[in-house]
Structure formats: C-alpha cells, structure tokens
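Some notes on the structure that comes next.
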Amino acid sequence: MLDIELFRRSPDLVRLALRSRGDEAALHPVLELDARRRAAIKEGDELRARRNQVSQEMGALVGTQVALDKSGNPLPDEQLTPKEQKAKVDYLRFRSLRDDMRARSNPIKALEEEVKRLEQELGALLLTLPNLPRPDVPVGTDASANVIVRSWGEPRSFPFEPLPHWDLAERLRIIDFQRGAKLSGSRFYVLSGHGARLERALVNWMLDLHTREHGYTEIAPPALVRQEVMVGSGNLPKFRDNLYHDDEDDLWLIPTAEVPLTSLHAGEILEPAALPFSYVACTPCFRREKAAAGRDTRGIKRVHQFEKVELYKVVEPEHSDEVLERLVRDAEEVLRRLELPYRVVQLCTGDLGFPSAKSYDLEVWAPGCREWLEVSSCSNCTDFQARRANIRFRRHPGARPEFVHTLNGSGVALPRLMIALLETYQQSDGTVVVPEVLRPSMGTDALGVE
RNA sequence: GGAGGGGUGGCCGAGCGGUUGAUGGCGGCGGUCUUGAAAACCGCUAUCCCCCUUGGGGAUCGUGGGUUCGAAUCCCACCCCCUCCGCCA
Numbered sequence: 002m003l004d005i006e007l008f009r010r011s012p013d014l015v016r017l018a019l020r021s022r023g024d025e026a027a028l029h030p031v032l033e034l035d036a037r038r039r040a041a042i043k044e045g046d047e048l049r050a051r052r053n054q055v056s057q058e059m060g061a062l063v064g065t066q067v068a069l070d071k072s073g074n075p076l077p078d079e080q081l082t083p084k085e086q087k088a089k090v091d092y093l094r095f096r097s098l099r100d101d102m103r104a105r106s107n108p109i110k111a112l113e114e115e116v117k118r119l120e121q122e123l124g125a126l127l128l129t130l131p132n133l134p135r136p137d138v139p140v141g142t143d144a145s146a147n148v149i150v151r152s153w154g155e156p157r158s159f160p161f162e163p164l165p166h167w168d169l170a171e172r173l174r175i176i177d178f179q180r181g182a183k184l185s186g187s188r189f190y191v192l193s194g195h196g197a198r199l200e201r202a203l204v205n206w207m208l209d210l211h212t213r214e215h216g217y218t219e220i221a222p223p224a225l226v227r228q229e230v231m232v233g234s235g236n237l238p239k240f241r242d243n244l245y246h247d248d249e250d251d252l253w254l255i256p257t258a259e260v261p262l263t264s265l266h267a268g269e270i271l272e273p274a275a276l277p278f279s280y281v282a283c284t285p286c287f288r289r290e291k292a293a294a295g296r297d298t299r300g301i302k303r304v305h306q307f308e309k310v311e312l313y314k315v316v317e318p319e320h321s322d323e324v325l326e327r328l329v330r331d332a333e334e335v336l337r338r339l340e341l342p343y344r345v346v347q348l349c350t351g352d353l354g355f356p357s358a359k360s361y362d363l364e365v366w367a368p369g370c371r372e373w374l375e376v377s378s379c380s381n382c383t384d385f386q387a388r389r390a391n392i393r394f395r396r397h398p399g400a401r402p403e404f405v406h407t408l409n410g411s412g413v414a415l416p417r418l419m420i421a422l423l424e425t426y427q428q429s430d431g432t433v434v435v436p437e438v439l440r441p442s443m444g445t446d447a448l449g450v451e
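Sequence positions in the first sequence follow the working numbering and run 2 to 451.
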C-alpha cells in the first residue's frame with residue numbers, strides 16, 4: 002500500500018513511478034476520493050464537537066431533583082425556596098438541551114456512513130496499486146531490460162548429451178509423475194526413495210546454513226491463513242486467481258512463506274532495539290498457475306505444490322537497501338556450496354513483483370533443459386507490506402511509531418534446485434553424483450545405486 | 001461438536017448510561033535528594049485521523065450493528081482466548 006500523503010504531496014512522482022512499472026493507474030480518483038473523505042470527516046468532527054460540548058453541559062446538570070406538577074412541569078417560583086428555584090433553572094436548562102438535541106435528526110450517522118464508504122473505496126483502490134520502484138532500478142517494460150549483475154561458476158561441459166531432469170528422475174525412480182497425476186492431477190508429482198531423501202537433506206542443510214551461519218531464526222508458520230494475511234503481503238486482492246482457497250473455513254493456502262512471515266508482526270509496534278528480525282522458514286507453497294496454463298508442463302519446474310526455504314527480514318527503513326544485498330548473498334551461498342553455476346539478475350521496473358521496490362533473481366543453469374532457472378527472487382518491499390499489515394517500530398522509547406521495511410528472498414526453492422542438481426551432476430551412466438555438502442545427510446555419494 | 005468463563009492502556013486491574021482516554025498498581029522516562037546507587041517524593045508515560053497546525057478538534061475500552069440527547073457501561077451478532085466434556089493425528 003502506498004502512502005496517501007505521497008499522492009497529495011507529489012502526485013507527479015507517483016504517476017511517473019507507476020508508469021515505469023507499466024501500471025498506468027489513474028490517480029485522479031485517489032485524490033478526489035481523499036478530498037471528499039476529508040471533507041466528510043471535517044463536517045462530522047464539527048458536529049460531534051458540538052454534541053460533546055452539549056453532552057458535557059448536560060452531564061453537569063443531570064440528576065437535579067425538582068418537584069413537578071400533574072402535567073410534568075415545575076411548580077411556579079412563588080411556591081419554591083430560593084434553592085429550589087436554582088434547581089428549577091438547571092432542570093429547565095437540561096430539558097431544553099435534551100429536547101433541542103432530540104429535535105434535530107442526527108446527521109452524524111449519515112456522515113459516518115459516508116466516511117466509511119469513501120474510505121473503503123479509497124482503500125480498495127490503494128490496495129490494487131503496486132509498490133514504487135527504488136530510484137536505482139533499471140527502467141524497462143519487460144524481462145529483456147533486466148540486467149545481469151554478476152555470474153558465478155562456469156556451466157559444466159558434458160562429454161555426452163545431458164538429459165533433462167524428467168528423464169533422469171524417471172530412470173532413477175526418484176520422481177513419479179504418473180502417480181502424482183493419479184493422485185492430484187497434472188503438475189503434481191511424487192518424490193520417492195532418493196528423491197524424497199534428497200529434498201529432505203536439502204531442506205535441513207539450507208535451514209542449518211541460514212540459522213547457524215547467517216543468523217536467521219527458524220520459523221514454522223501455518224500454511225493456511227486468513228484473508229487479511231493474504232492482503233498484508235500483497236497477494237490479495239489482486240492475485241486471487243493464483244491462490245487456493247478453502248470455502249468452508251474461509252482460509253487461503255499460502256503460495257510462499259513470505260505471506261505468513263509478513264503478518265507475523267502485523268498490528269504490532271516493535272520496541273526500540275528489537276530490529277532487525279531475520280527469519281527463515283521452510284513451508285509448502287501452493288500455486289494454481291492459472292496464468293501459465295500449458296507452459297512448462299513437463300518435469301517439476303512449475304508445479305502446484307512445492308517446498309521452499311524462504312528468508313525474511315524486518316528492518317529499519319534506512320537499512321533496507323543494504324540488507325537486500327546481504328539477503329542476496331545469503332541465498333547465493335546455497336548455490337555456491339552446492340557448486341551450481343548461477344547468475345544474479347536485477348529486475349527492471351516492468352518486471353518487478355507487485356509488492357517489490359527492487360528485486361534480484363538468482364538463476365541457476367540447468368544443462369538438461371538448457372535454461373537458466375529462477376530459484377530465488379530477493380526483494381526489498383520497503384514499507385509497502387508494512388503499511389498493509391500495519392507493522393511499525395519505535396526508534397526510541399516514546400518516539401512516534403514508523404513503518405518498518407520488509408524484505409524477502411527464496412533461499413531457495415526446492416524443485417528447481419533439484420532440477421539443477423540432477424542435471425548438473427548427472428553421469429554418462431545415468432546416475433547422479435551427490436554434492437559434497439549433502440553426502441553426510443544423504444548417506445551416499447550417488448543417486449540411483451541403492 | 002457440547003457446556004461454562006473471559007476479552008479495558010506496555011502489563012496487572014477498577015469502572016451506578018452523563019465534565020471517563022478512562023481510578024489504582026507495576027513497568028518505563030524525567031526530576032528532587034545522594035560522593036554514587038537504592039529507597040522516598042514530584043512530574044510525565046497510547047494510537048489513529050482532521051483542521052484556519054507554537055494551537056484546536058474528532059475517534060478508539062475484541063469487531064460490527066442497535067437503543068439513547070449521550071454508551072467502556074444496556075441489547076444483538078460475530079471473532080478470539082481460557083477451562084471442562086466428546087472426537088481425533
């Protein structure tokens with residue numbers, strides 16, 4: 002969510018920034034709704050101020066006991082002591098105030114409804130606008146304008162024709178596509194034997210790396226979340242189509258651990274010195290992949306359910322740019338230790354994800370498929386998610402709360418990592434060498450010779 | 001799923017429908033005292049919004065409705081937490 006103040010102060014800046022992302026949002030409705038909203042608030046506030054004033058006066062007069070005649074009116078002054086006459090004045094004043102307030106049918110309620118309506122409309126509109134890119138993001142309309150920032154390792158050269166992972170995995174009987182489809186349909190698969198163990202070994206090893214060496218705290222969050230949690234991360238309302246939903250309990254299946262990790266501190270005001278937070282979580286991720294219908298249907302490159310290790314940081318605003326660089330390095334370390342050649346790609350404005358202000362993708366080479374696979378996407382979401390989820394912090398005791406910055410990055414996604422491993426470490430005899438770092442947990446140095 | 005109990009400020013805990021953003025305590029911050037510290041005493045101690053912004057005003061007592069001139073307080077619905085029973089990995 003963007004800051005409404007920014008629209009008021011510098012609408013042109015917002016317009017340009019959104020345009021650079023290819024989002025030609027009309028700002029007029031935002032500004033107009035905001036103006037109408039403020040006018041309604043002002044009017045309501047003034048009416049309430051008047052009401053409070055009268056209420057206070059009535060409060061001071063309430064309970065004055067006065068003798069009444071048969072028609073409910075106070076007795077004439079001649080029949081009253083001076084003290085009683087004073088009470089009569091108070092009583093009459095109270096009655097006139099009450100009757101006055103009763104008489105004017107109350108427009109406060111109508112104004113409140115008006116404000117609520119305008120706020121909902123404005124809020125709904127703001128929730129559909131993406132984050133603004135950081136100034137140093139290359140401008141471009143699509144992936145062709147992305148920039149390769151650096152590369153690591155040389156793609157291995159093969160003395161034979163390397164197979165794609167689906168052939169390798171089927172021969173090794175470590176991925177069962179047919180039975181996956183039998184159970185759940187296309188884009189589902191079953192890992193078995195060394196395949197299942199490899200995934201588990203990778204997960205454990207990555208979690209250990211990030212917790213023990215990179216200082217992350219391990220989190221195991223729910224995979225089903227409420228709607229507002231999906232809104233907090235930016236997945237709703239815009240990307241409803243890509244999400245699975247349980248109708249009976251109105252819960253959503255997470256497409257990434259980023260979703261629950263964002264809302265872990267939703268609504269909180271974090272104490273001074275609490276930041277930064279570094280979280281790592283491995284969760285299943287569920288994606289309907291409706292937009293990619295028919296694409297990447299072979300193998301496990303694009304599936305409906307997969308495991309992913311996710312890195313997440315909550316930081317003070319002035320540190321987020323620098324922390325993004327560190328986050329990328331933490332993710333890169335996974336590929337380096339597995340000795341998988343990769344490149345770091347900075348996304349251009351037009352290719353940025355919805356909540357992201359700046360992103361780097363890690364792409365690892367898959368020699369069998371002959372393509373660079375995106376195994377990680379690391380993003381600085383600045384205060385975009387923090388606003389949606391209302392996550393703030395205090396710099397000093399007593400200081401005004403400010404929104405935090407949030408960052409996320411895969412560290413890394415399992416299926417594509419396994420693709421790269423299988424295809425890179427395959428041998429001419431169809432077996433696959435297990436990378437050095439995984440041998441202790443795998444208990445073998447080659448897949449498929451069990 | 002059934003039966004109870006409960007949700008008030010950073011925490012604990014009061015609150016006959018009327019000058020209650022809310023007594024009191026704890027914690028925190030500042031001050032007095034002290035060589036220093038503790039103790040004692042004094043003061044301060046929420047968030048959001050609006051405006052004619054050294055100031056003024058409005059809202060917020062789980063959430064949303066309702067009753068009322070006026071609701072933390074009364075009524076309804078929902079959400080969440082706790083205890084017990086049932087079921088279950």
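Where a beta carbon is used, it is the ideal one built from N, C-alpha and C, also for glycine.
Computed from a predicted model, the values in this text were never measured in an experiment.
Would you say residue i and residue j are within 9 Å of each other, going by their C-beta atoms?
i: E319; j: R395; result: no
i: F189; j: Q306; result: yes
i: E140; j: T350; result: The displayed chain sequence assigns Val, not Glu, to residue 140. The answer is yes: Cβ separation under 9 Å.
i: L34; j: L112; result: no
i: E334; j: H215; result: yes
i: R299; j: L244; result: no
i: S429; j: P160; result: yes
i: S360; j: A414; result: no
i: P416; j: E259; result: no
i: V230; j: A390; result: yes
i: L341; j: W366; result: yes
i: P223; j: P256; result: no
i: L123; j: P238; result: no
So does residue i have its beta carbon nearer than 8 Å to some heavy atom of the ligand NAD?
i: E219; result: Absence of the ligand NAD is noted for the structure shown, with no ligands found whatsoever.
Using CA coordinates, which residue listed in the options is at the minimum distance from residue i?
i: V346; options: E375, S357, G73 and D322; result: E375
i: Y313; options: T284, R371 and V438; result: T284
i: F278; options: E85, T407 and A18; result: T407
i: F404; options: R299, I392 and K87; result: I392
i: L339; options: A170, E249 and A421; result: A421
i: D331; options: A41, G412, E47 and L173; result: G412
i: R135; options: S380, Q386, G444 and N409; result: S380
i: E364; options: A400, H397 and G410; result: G410
i: E44; options: P160, K110 and E326; result: K110
i: L328; options: E317, L415 and E311; result: E311
i: E120; options: V438, R296 and P30; result: P30
i: V438; options: V281, L336 and D297; result: L336
i: E323; options: R49, E308, K89 and D137; result: D137
i: A358; options: I5, L19 and S11; result: L19
i: T212; options: F240, V315, A282 and A146; result: A282
i: D297; options: S264, E372 and E122; result: E372
i: K89; options: P75, N53 and L123; result: P75
i: H246; options: C286, L208 and L418; result: C286
i: R103; options: V55, A41 and L210; result: V55
Buried or exposed, going by whether 16 or more other CB atoms sit within 10 Å of the CB of residue i?
i: K302; result: buried
i: Q66; result: exposed
i: R22; result: buried
i: S321; result: buried
i: I270; result: exposed
i: N205; result: exposed
i: D250; result: exposed
i: A221; result: exposed
i: K291; result: exposed
i: A80; result: The residue asked about is misnamed: residue 80 is Gln in this sequence, not Ala. That one is exposed.
i: L133; result: buried
i: L7; result: exposed
Using C-beta distances below 6 Å, list every residue in its chain close to residue i, excluding the 5 sequence neighbours before and after it, in chain order.
i: G369; result: P163, L164, P165, H166 and E424
i: I149; result: R344 and V346
i: L130; result: L3 and A26
i: H397; result: P273
Quick one: what's got a C-beta closer than 7 Å to residue i's C-beta in the same chain, skipping five residues either side?
i: T432; result: A447, L448, G449 and V450
i: D91; result: L62 and T65
i: A144; result: D352
i: L192; result: I175, I176 and E200
i: S442; result: A202, N205 and W206
i: E58; result: L98
Given residue i, which residues of its chain have a CB within under 8 Å of its CB, disregarding the five upstream and five downstream residues?
i: A293; result: R303
i: H195; result: L173, I175, M443, T445, L448, G449 and E451
i: R9; result: L32 and D35
i: Y426; result: V433, V434, V435 and P436
Where in the region 198-262 do unbroken runs of the beta strand (DSSP E), each at least 3 residues long, occur, reported from the N-terminal end onward?
-> The DSSP assignment places 218-220 and 252-254 as complete runs of the beta strand (DSSP E) inside the region 198-262, in order along the chain (cut-off: 3 residues).
Alpha helix (DSSP H) runs contained entirely in the region 282-341, provided each spans 4 or more residues | The region 282-341 contains these whole alpha helix (DSSP H) runs: 321-338.
Note down, one range per segment and in chain order, each beta strand (DSSP E) of at least 3 residues found wholly within the region 140-172.
-> Scanning the region 140-172 from its first residue to its last, the whole beta strand (DSSP E) runs of 3-plus residues come out as 148-153.
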